[in-house]
Amino acid sequence: MKNQQLLEKMHTLQELYGEEIEEILSHYPDKRSALLPLLWLAQEHDGWISETRVVEIAQILGLDPTEVRGVGGFYHLFYFRPVGKHTVRVCDDIVCALKGADRLLDHLCDRLDVDVGETTADGEFTVERTGWCVAACDHAPAVLIDDVYFGPMDEAQLNEMLQRLRDGWRPQVDEGIDVGVVKGSE
Amino acid sequence: MEEHIVLRDLDVPGIDDIDTYMAHGGYETLKRALKEMSPEDVTQVVAASGLRGRGGAGFPTGRKWMFLPKGVYPRYLVVNAAEGEPGTFKDRQILEHNPHQLLEGIILTAYAIEAETAYIYMRGEYLKALSQIQMAIQAAHERGFLGNNILGTDFSCHVYLHREGGAYICGEETALLNSLEGRLGQPRVKPPFPAAKGLYQKPTIINNVETLTNIAPIVEKGADWFRSFGTEQSPGTKIYALSGHIRRPGNYELPMSVTLRELIYDYGGGIPGDREVKAVIPGGVSAPALTREHLDITMDFNSLMEAGSMLGSGAVIVFDETTDMAWAAHRMMRFFSQESCGKCSPCREGTYWIVNIMTDLMRGTGDVSDIALLEAVASQIQGNTLCPLGDAAAGGPTLSTLKHFQEDYIAHVPVISSQ
């Protein structure tokens, strides 16, 4: 398994996704437009974007790596550092904050013994606060677990989900909330 | 409201499937328009309908299309699906549940403005919406509604999905264009406006998801039908995304003649614990806060502007009587400070200092003079930035809460005992 991962890491994006890259580039008259799509491709594969990937993307686009890194760093959703096996992101913008997001975030940090932005010592979880609205205000407070939306979330549900994640659960998009669909709540 | 115009998923289960969509008349309007109408005809119907942009600015859609310079090609259509205004989750429901009606609107609009390429610039977190739209594009291709020579005509249209990277500012149309070009998502100086020089310096129309989802019904049923909903200046329906202290949060599509009181009490079920309203933000956090005195206001573009606020994205956030509005302003300003793109110093520095001053107040280390200082900093941002983010931060959370809820700020000023 480990060897397999090492072996795979040696493959370039071009080797792994040659056709996809070709397809992406064909969408735009200027290939520079493929910058964000290629950053996504790298992050979806590796979980984050390493310097090696930045250099590869720069080569594909004919840009300087500094430019790829600089533009990429403007956006919040790209990780330019390794993250845990699971990411847990608590929305703490105004509507979620009204519904107790700060308490939830404190609880999460206590429970996992990390500060916001850190990864647990066992490499399982990275905890983040979004600082911006994730557009699930009808399910506030919302939490994104491995990019899947859950809410309204309380401490007990969060504990349970952390345990399920440790037991090998990988949340699927369809397990998340159905946003916007009017429902009763008090 | 009997039937929904844009949230038709609430009336027709499974309308995200192309067969179901077509069984309910889907793509018939496109077929008819390509056969019987010229691009100008489509533009004229949309202009006559009085449809105004649903992304925040409320600019008349038909008039925007008419700004395109004659004879300059290629032209681009860019779909703004970078929904990021705090409190807003309306486009998301369309994208996830009614993708084909959006897509039919995109193709009709591309036909009207003579664009052969459309990009859907979508929020990076919207995994379900990304996959729904990608599947819808694929299905429309297979049926011949997209691609080269659509339905045997000489009109060709290709739609591409572009996943953005996470930056509120990229909802601003010129920042969006820079981002789509692979650059920093910072706003451009206007003019030139995107209609003249937009994506790749070519004529470009940027429309919001909800706006475009209105197009097929308008072309199908006509301008008069559309004008039978809402008000003279704000025809049609609007999705109000209701959240905060409310019993039934969610998206409500209603004619723009609904009042704030009806929205909160008749549709939203009122406030938990039967508490009183303290404040309402009627159009996302960029919109200045209103008070319970404003509850009988009609939720249309003009009435909200006259009341000193704005309809914005239609995100209605309710704050009950227990809310500390100084705390709420601090939280909203933290967002604006984080999301300021850094291009204009009044916004970059101003939002940073407003957060610092508010943080002092929250920690109990502020001073009564901070209230005047906040007003001064906010008023120096206003009017001095390229895009509306700075103005929104100043006029929205900062000045509107200082105006209506100053006592909440004063409550944070430490009491100094006199000697």
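Protein sequences, first through last, are from chains E and A.
What the first sequence shows, in the working numbering, is residues 1439 to 1624, in sequence order.
What the second sequence shows, in the working numbering, is residues -6 to 412, in sequence order.
Ideal Cβ positions, reconstructed from N, Cα and C, are used throughout, including at glycine.
If the five residues before and after Asp384(A) are omitted, its C-beta is found closer than 6 Å to the C-beta atoms of Gln375, all from its own chain and listed in chain order. For Tyr66(A), the number of other beta carbons within 10 angstroms of its own is below 16, and it is reported as exposed. Positions of the alpha helix (DSSP H) runs, each at least 4 residues long and wholly inside the region 30 to 67 of chain A, are given as 32 to 42, 54 to 59 in order along the chain. According to DSSP, Asn201(A) shares a beta bridge with Asn73(A). Under the three-state reduction of DSSP output, Met1591(E) falls in the coil class, being neither helix nor strand.
Rounded to the nearest angstrom, the Cβ distance from Asn91(A) to Asp2(A) is 5 Å, consistent with a contact under 8 Å.
The Cβ atoms of Thr1564(E) and Gly1538(E) lie no closer than 8 Å to each other. When CB distances to chain E are screened at a threshold of 8 Å, not a single residue of the region 342 to 368 of chain A falls below it.
Of the candidates Thr230(A), Lys396(A), His17(A), Lys396(A) places its Cα closest to the Cα of Ala272(A). For Arg136(A), no chain E residue has a C-beta closer than 7 Å to its own C-beta; the minimum C-beta separation is roughly 21 Å. When 8 Å is used as the limit between beta carbons, Pro381(A) is near no residue of chain E, the shortest such separation being about 17 Å. In terms of beta-carbon proximity, Ile198(A) stays away from the interface with chain E, with every pair separated by 8 Å or more.
Distance from the CA atom of Ile347(A) to the CA atom of Glu1566(E), rounded to whole angstroms, is 24 Å.
Taking C-beta separations shorter than 6 Å and ignoring five residues to either side along the sequence, the partners of Ile274(A) in its chain run Ala280, Ala282, Ile310, following chain order. The shortest CA-to-CA distance from Leu1476(E) to any of Thr204(A), Gly175(A), Asp293(A) is the one to Gly175(A). Put simply, the backbone Cα of Gly237(A) is about 44 Å away from that of Val1493(E).
Taken atom to atom, the span from the alpha-carbon of Tyr14(A) to that of Leu247(A) is near 22 Å. DSSP lists Val72(A), Leu154(A) as the beta-bridge partner residues of Ile113(A). Around the beta-carbon of Ser31(A), fewer than 16 other beta-carbon atoms lie within 10 Å, marking it exposed. For Cys1571(E), the nearest CB of chain A lies under 8 Å from its own CB, placing it at the interface with that chain. Residues of chain E with a Cβ closer than 7 Å to the Cβ of Gly117(A) are, in chain order, Leu1515.
Nearest Cα to Tyr1513(E) within the set Ala75(A), Val71(A), Pro390(A), Glu33(A): Ala75(A). Residue range 308 to 313 is occupied by the beta strand (DSSP E) that includes Asp313(A).
Annotation for Glu314(A): Arg268, Glu269, Lys271 place their beta carbon closer than 6 Å to its own, counting only its chain and skipping 5 residues before and after. Counting the other CB atoms within 10 Å of its CB gives His93(A) a total of 16 or more, which places it among the buried residues. Secondary structure remark: continuous beta strand (DSSP E) runs of at least 3 residues inside the region 141 to 185 of chain A, in chain order: 151 to 156.
A Cβ-Cβ separation of about 5 Å places Pro196(A) in contact with Leu61(A) under the 8 Å criterion. In this structure, Arg68(A) is the residue among Gly261(A), Tyr233(A), Arg68(A), His287(A) with its C-alpha nearest to the C-alpha of Ala189(A).
Secondary structure of Tyr402(A) (DSSP, three-state): helix. Within the model, the alpha-carbon separation for Ile113(A) versus Val406(A) is close to 48 Å. For Glu1566(E), the three-state secondary structure derived from DSSP is strand.
The beta carbon of Ala386(A) sits no closer than 8 Å to any beta carbon of chain E.
Between the alpha carbons of Val361(A) and Pro1590(E) lies a distance of about 38 Å. Following the DSSP letters along the chain, one finds Ala272(A) in no alpha helix (DSSP H) but inside the beta strand (DSSP E) bounded by residues 270 to 274. Nearest CB-CB separation between His1465(E) and chain A: below the 8 Å threshold.
Residue contact check for Asp1605(E) against chain A: no CB pair falls below 8 Å.
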